[in-house]
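S.K.: Got a structure here, written out as structure tokens. Questions coming.
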Amino acid sequence: MSRCPTIIEQVSRTGSILGRESRSGTLIRKGTRSSTIDEKESQPSTIDEKESSVDKDVEASPTDNDPEPTTTWGILKRWPLSTFCIVGNEFCERFSFVGMRTVLTLYVMNILAFSDDNATILFHSFIVLCYTTPLLGSIIADSYIGKFWTILWISLVYAAGNVILAVASTFSKSDNVHPYLDIIGLVVIGIGTGGIKPCVAAFAGDQFNPNHHHMISIFFSVFYFTVNAGSMISSLITPIMRTVPCNGMDSCYPMAFGIPAGLMVLATIIFISGSIFYNKLPPKENIFARVCVTVVKALKNKIVYKTSRPHWLEHYFDSHNCDEDPHCIALRKESKEGSTKCAEKRFVDDVKTIISVIIIFLPVPFFWALYDQQGSRWIIQAVAMDSRVSDSFSILPDQVITINSILVLLFIPIFQTLVYPAFEKCGIRTTPLRRLVVGGFLGALSFVICGLVQLKVNQTLPEIPGPHHSTLSIINTYTNCDLNVTSPGLPDKFIARNSSLIDNRLTDVWQMYQLEVDGGSKDVQFNFAFVGECGMNSTSYTATVQGGKTFYVIVTPQGIAQGEGSLQKPTEGSGQSSMNINFMIPCSMVPESVKWGNCASKSNKIAYNDRIAVCAVNSRSHPCNPRSSEYYGWAPNEGHKQIAKSADGSEFVATNYAFKDVRPQKYQAYYVYYNRTVDGGVPAAEDVTAVPIEGFTFEFNTMGGVYTFTFGVQNDSGKMQPELNVHTIVPHNDVSILLQLPQYVVISAAEVLFSITGLEFAYNQAAVSMKSVVQALWLLTVAFGDIIIIIIAKLDLFSNLAYEMFAYAIGLFVVIGIFALIAIFYYEYADFTEEIDSEDSSKTPETDNTSLDSTSLKKPTL
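First residue of the sequence shown? That's 289 in the numbering used here, and the numbers climb one at a time after it.
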């Protein structure tokens, strides 16, 4: 990033940097001080404050005026107190951002009710914003108000965005504030996190004497640990906060967003508290902006002027006048009288090195296009998997990404101390380009693995009918009669007692009716012949179906009714199954203690239609406490009339309660009445009357399935008894979430090889004055990668997530293959050692115009 100074460029003559997502890395080379990277980036670098665009491009020489302490006590005594505020600020900020981002995809899917594709688009649009706004932050810091005020003011904006998002999450799903207030919050957060991204580590480096290398190395190790600690703790804890029921809902996004918002406010307060201790260096010129001006001017001059130049960038000099250029004027003032040095000549030569670095960056956006889907598509995949590791332990879908953080921390020392040396001993040089190629191929391989896992997951996903097709099941609730079903133009079906027609890819069972619907709807007549002792012979029923949906017909002693099924598996990510209830218990069988609702007449032609709930049998609180996480209730307006027609033409008015997601547990159903509520809120247990529904007990010990419950009565030896029938619409999640581990192992290894090596290599291949520009381009590759994801999701090219994963893998294989060919046949390593030495010897641009062409070493690249 452009000249938001960091310690990195203060040692850019001999140092190197690395970068990766959300987890900083530390690398010390040739005795230099360490540097840290946060969020796929090295922090933007600049030259020492004595060095600016109007000064000589020579690093200040170390002096002995302030020798670095060597003892532990000496280091502690000289340690800048202000850095503790910066470390505390960074921990809280990382916890805030990573926590919010971890649960964002599920929030968009479940609260904003976005489809998988639209949730992916919104998530990655947010990431694009986070990785383009650092340009704005660095320009503000370097050119106008300095790093301190940039961090302060943008942190206030950042905190405001978190508060806006947290407030938006308190509104119900149906409120009109969604998604507008949520998007406003995300935009403000994106501006905030991007704005401070290039400046925090840089500002921390400013607190030290630039010659105290060891102290700086210690600090950035602590800074590195802090970044990772905040990120990993947040990615583990925030999903748990999400699963806590609150506000009458099965999840608590206000807590999941509210605590990160509070921590961002705390981060800002901690940063302000160190204000009087900070070393606040004044702003300097922004190198990235200067590079852009140089490139634009060269292109413009190439069009306007007809002169011939060896390189198109040299057209910058067509309109250049040293007598008016402030950089040239400043350089001549510091040089011998009568000097004709041109400060811009060396700068233009340095800009040329960026061209070769851009070649290295060509495959990088596509790598991030795969890598960043850990926060979107991979979480969506995990939601459709079985998250139970054991009977007592589960991994939440949005917690799995923590594995990547842990693995990268483990892999860095393993690769540095074991893997690379092992290959070197075998005579295989692990050059940067080779690491990049292998890392890219591993990234593609991780998506091949992901696609294979998705093929297994697809077996538990519902078959969605097309717009001109519909599916229909017959549910036989009779316990003493089988059914033979016929329909004109459709195959005959046999349905055993207390069973139904199902489709299940896992067991390769396909029993449901597949119906063609030419218009908006279609009537289908079914003829039923009863086999058994239920006192029925035959009857018929006409069902009405619509394209793109699934339906069921219930055959019960109360009559035959129709309902619409749901093909939407639960997406909350807390182990839920989805259920609806066809309630067919007549009022005549409702207990006398139920004195509310519509059953005062005790009619046998109408079912109870008021509030009901299912509550955990082993609940330690009130048997049916609305404020408990083990309570799931249906309000009267969540049930609608369901007409069941008998063979004699009479009708029974049943109640169909809507689909609701329920967590694994053993449940008892209750008739429920709220005696008192406060402002329409959820009442306390003592304000609720709950009467058990006899015979309505069930247990969910799986997750992800969709079921329809029919609760009616059966004639058992002349006595009417309640009977429960459960029909499976969509099978439960059957693929263990642990099957995602291999793809995370591979993508983590790819990150170490590709991300870390890529920026380090590009950084070393750029001229000294271009280090900050390289970092700016690196951040932009992240944004471009997420733009690729947005485009592909928007085009809606794939209806099968597995095929989409395979397509991404093939794309990266091709891109890396082309990159390998470029590395073999085109690219030549650049070595700026001579340039460094010449600067240290105070050579001038006039006599030392070292560029990529003159310093390149002709040696094998790949």
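Yeah, the Cβ is synthetic: ideal placement off N, Cα and C, and Gly gets one too. This one's a predicted model, so the numbers in the text were calculated from it and none came from an experiment.
State the DSSP-derived secondary structure class of residue 879, mapped to helix, strand or coil.
M.R.: Here residue 879 is taken as the residue at index 591 of the sequence shown, counted from 1. The answer is coil: DSSP assigns residue 879 none of H, G, I, E or B.
S.K.: Whole-angstrom Cβ separation of residue 542 and residue 454, contact assumed at under 8 Å?
M.R.: Numbered from its first residue, the sequence shown carries residue 542 at position 254. Numbered from its first residue, the sequence shown carries residue 454 at position 166. With 8 Å as the limit, residue 542 and residue 454 qualify as a contact, their Cβ atoms being about 6 Å apart.
S.K.: Taking the alpha carbon of residue 801 as the point to measure from, which residue in 958, 457 and 814 has its own alpha carbon closest?
M.R.: Residue numbering aside, residue 801 sits at position 513 when the sequence shown is read from its first letter. Residue 801 has its Cα closest to that of 814, out of 958, 457 and 814.
S.K.: Note down, in chain order, each residue of its chain lying with its Cβ closer than 7 Å to the Cβ of residue 1036, except the 5 sequence neighbours on either side.
M.R.: For this step, residue 1036 is matched to residue 748 along the sequence shown. Here the set comprises 692, 695, 696 and 699.
S.K.: How is residue 1079 classed by DSSP in three states: helix, strand or coil?
M.R.: In the sequence shown, counting from the first residue as 1, residue 1079 sits at position 791. Residue 1079: helix per DSSP, three-state reduction.
S.K.: I'd like to know whether the C-beta atoms of residue 845 and residue 1001 end up nearer to each other than 8 Å.
M.R.: By 1-based counting over the sequence shown, the position of residue 845 is 557. By 1-based counting over the sequence shown, the position of residue 1001 is 713. Going by C-beta atoms, residue 845 is nearer than 8 Å to residue 1001.
S.K.: Among 851, 771, 686 and 948, which one has its Cα closest to the Cα of residue 857?
M.R.: Taking the first residue of the sequence shown as 1, we reach residue 857 at position 569. Ranking 851, 771, 686 and 948 by Cα distance to residue 857 puts 948 first.
S.K.: Given residue 1055, which residues of its chain have a CB within under 6 Å of its CB, disregarding the five upstream and five downstream residues?
M.R.: Here residue 1055 is taken as the residue at index 767 of the sequence shown, counted from 1. If we look at residue 1055 and ignore the five residues flanking it on each side, its Cβ neighbours are 638 and 641.
S.K.: What do you get for residue 1151, buried or exposed, if any count of 16 or more other CB atoms within 10 angstroms of its CB means buried?
M.R.: Residue numbering for the chain in the displayed model covers 289 to 1150; residue 1151 lies beyond these limits and cannot be assessed.
S.K.: Return helix, strand or coil for residue 990, following the three-state DSSP convention.
M.R.: Stepping through the sequence shown from its first residue, residue 990 is reached at position 702. Residue state, collapsed to three classes: coil.
S.K.: Does DSSP classify residue 851 as helix, strand or coil?
M.R.: Taking the first residue of the sequence shown as position 1, residue 851 is located at position 563. DSSP places residue 851 in strand when its eight states are reduced to three.
S.K.: What is the DSSP secondary structure of residue 650, reduced to helix, strand or coil?
M.R.: Looking up residue 650 in the sequence shown gives position 362. If DSSP states are grouped into helix, strand and coil, residue 650 belongs with coil.
S.K.: Tell me which residues share the same chain as residue 676 and place their Cβ nearer than 7 Å to its Cβ, disregarding the 5 neighbours each side in the sequence.
M.R.: Counting from one through the sequence shown, the residue named residue 676 turns up at place 388. For residue 676, where only same-chain residues beyond five positions count, the Cβ hits under 7 Å are 682.
S.K.: Taking 8 Å as the limit between beta carbons, can you name the residues of its chain near residue 828, skipping five residues before and five after?
M.R.: Position 540 of the sequence shown, counting from 1, holds the residue named residue 828. Closer than 8 Å at the Cβ level, and outside the excluded window around residue 828, lie 813, 814, 815 and 816.
S.K.: Tell me the rounded alpha-carbon separation between residue 335 and residue 396.
M.R.: Position 47 of the sequence shown, counted from the first residue, corresponds to residue 335. Position 108 of the sequence shown, counted from the first residue, corresponds to residue 396. Only weak support is given to the placement of residue 335: the predicted model assigns it a pLDDT of 33, under 50, and the question is left unresolved by the model.
S.K.: Beta-carbon separation of residue 944 and residue 886 under 8 Å?
M.R.: Counting from 1 along the sequence shown, the entry for residue 944 is found at position 656. Counting from 1 along the sequence shown, the entry for residue 886 is found at position 598. Cβ atoms of residue 944 and residue 886: not closer than 8 Å.
S.K.: Select from 358, 902 and 975 the residue whose C-alpha is nearest the C-alpha of residue 985.
M.R.: In the sequence shown, counting from the first residue as 1, residue 985 sits at position 697. Closest by alpha carbon: 902.
S.K.: From the DSSP secondary-structure annotation, give me the bridge partner or partners of residue 772.
M.R.: As a first step, residue 772 must be located in the sequence shown, where it is residue number 484. 782 and 817, per the DSSP bridge assignment.
S.K.: Which of the three DSSP states is assigned to residue 607 in this structure?
M.R.: Working through the sequence shown from its first residue, we reach residue 607 at position 319. Residue 607 falls in the helix class under three-state DSSP.
S.K.: State the DSSP-derived secondary structure class of residue 1039, mapped to helix, strand or coil.
M.R.: Locating residue 1039 in the sequence shown gives position 751, counting from the first residue. Helix at residue 1039.
S.K.: On the premise that residue 1095 lies in contact with residue 405, defined as a C-beta separation below 8 Å, what is that separation, rounded to the nearest angstrom?
M.R.: Looking up residue 405 in the sequence shown gives position 117. Looking up residue 1095 in the sequence shown gives position 807. With a Cβ gap of about 14 Å, residue 405 and residue 1095 do not count as contacting.
S.K.: Would you mind reading off the limits of the beta strand (DSSP E) that contains residue 931?
M.R.: Reading the sequence shown from its first residue, position 643 is the one you call residue 931. Note, residue 931: beta strand (DSSP E), 927-933.
S.K.: Residue 832 and residue 806: beta carbons closer than 8 Å?
M.R.: If you number the sequence shown from 1, residue 832 lands on position 544. If you number the sequence shown from 1, residue 806 lands on position 518. No, the pair does not count as a contact, with Cβ atoms beyond the cut-off.
S.K.: What distance in whole Å lies between the Cβ atoms of residue 750 and residue 1018, which are believed to be in contact at a cut-off of 8 Å?
M.R.: On the sequence shown, residue 1018 is found 730 positions in, with the first residue counted as 1. On the sequence shown, residue 750 is found 462 positions in, with the first residue counted as 1. Contact holds; Cβ gap of about 5 Å.
S.K.: Taking residue 477 and residue 449 to be in contact with their CB atoms under 8 Å, please state how far apart those CB atoms are, rounded to whole angstroms.
M.R.: Start at 1 with the first residue of the sequence shown, and residue 477 comes out as number 189. Start at 1 with the first residue of the sequence shown, and residue 449 comes out as number 161. Right, their Cβ atoms sit about 4 Å apart.
S.K.: What does a CB cutoff of less than 7 Å around residue 568 pick up in its chain, not counting 5 residues either side in sequence?
M.R.: Counting from 1 along the sequence shown, the entry for residue 568 is found at position 280. Excluding sequence neighbours, residue 568 sits near 434 and 436.
S.K.: Taking only three categories from DSSP, how would you classify residue 945?
M.R.: Sequence index remark: in the sequence shown, residue 945 carries index 657 (1-based). Three-state result, residue 945: strand.
S.K.: Is there contact here, the stretch 729-745 with the stretch 665-674, by at least three beta-carbon pairs under 8 Å?
M.R.: At 8 Å Cβ cutoff, the stretches touch.
S.K.: Residues in its own chain within less than 6 Å of residue 555 by CB, not counting five upstream and five downstream?
M.R.: Your numbering for residue 555 matches position 267 in the sequence shown. Cβ neighbours of residue 555 beyond the five flanking positions: 377, 380 and 381.
S.K.: Measuring only between beta-carbons, confirm whether residue 1013 sits less than 8 Å from chain D.
M.R.: Absent from the structure is chain D; it holds one protein chain and no more.
S.K.: What whole-angstrom Cβ distance do residue 979 and residue 882 have, given they're in contact under 8 Å?
M.R.: The sequence position of residue 979 within the sequence shown is 691, counting from 1. The sequence position of residue 882 within the sequence shown is 594, counting from 1. Between residue 882 and residue 979 the Cβ distance is about 5 Å, and since that is below 8 Å, they are a contact.
S.K.: Output the distance between the C-alpha atoms of residue 459 and residue 388, rounded to the nearest integer angstrom.
M.R.: Here residue 459 refers to the residue found at position 171 of the sequence shown. Here residue 388 refers to the residue found at position 100 of the sequence shown. So the alpha carbons of these two residues sit roughly 17 Å apart.
S.K.: What first and last residue would you give for the alpha helix (DSSP H) that runs through residue 750?
M.R.: By one-based count along the sequence shown, residue 750 stands at place 462. Taken as a continuous stretch (DSSP letters only), residue 750 belongs to no alpha helix (DSSP H), as it is neither H nor E.
S.K.: Alpha carbons only, please: which of 861, 897, 1072 and 466 is nearest the one belonging to residue 872?
M.R.: As a first step, residue 872 must be located in the sequence shown, where it is residue number 584. Nearest C-alpha to residue 872: 897.
S.K.: Would DSSP call residue 1069 helix, strand or coil?
M.R.: Residue mapping note: residue 1069 aligns to position 781 of the sequence shown, counting from 1. Note: residue 1069 maps to helix in three-state DSSP.
S.K.: With distance defined between alpha-carbon atoms, name the residue in 895, 853, 942 and 860 nearest to residue 877.
M.R.: Within the sequence shown, the letter at position 589 stands for residue 877. Nearest option by C-alpha distance: 895.
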